[in-house]
Amino acid sequence: SMSFGPFHADLDGRFVTGANGTVIDLAKSEFDVLEVFLTRANRLLTRAAISEAIGFAEDPDSSRAVDIRIMRLRKK
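In this text, residue positions in the sequence shown follow this note's numbering: the first is 14, and each later residue adds one.
In structure tokens:
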């Protein structure tokens, strides 16, 4: 498990809690992206590297799919 700011991520249980302990609802693909960021902290990550790490196919649309997951994470 890892903490970042007021959040706590349980990588084994695949859930995130906020500052007040409330579980934040994340889709599987959103948690996958978050896990990539947490386990590769302080590294430069390209869209292609993120896409590969979460198992997205290598196609032109996959980079946009990664962008959408990141946008959704930021909103939550």
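Quick reminder that beta carbons are idealized off the backbone N, C-alpha and C, glycines included.
Which residue wins for smallest C-alpha separation from residue i, given the options the options?
i          : options           : result
residue 84 : 28, 33 and 47     : 47
residue 88 : 18, 24 and 39     : 39
residue 64 : 86, 31, 44 and 76 : 76
residue 66 : 19, 86 and 49     : 49
For residue i, which residues of its own chain have a beta-carbon under 6 Å away from its beta-carbon, when the five flanking residues on both sides are left out?
i          : result
residue 15 : 22 and 51
residue 28 : 36
residue 25 : none
residue 42 : 82
residue 53 : none
Can you pull the DSSP bridge partners for residue i?
i          : result
residue 17 : 20
residue 28 : 23
In whole angstroms, what is the alpha-carbon distance linking residue i and residue j?
i          : j          : result
residue 60 : residue 17 : 22 Å
residue 33 : residue 44 : 19 Å
residue 57 : residue 30 : 26 Å
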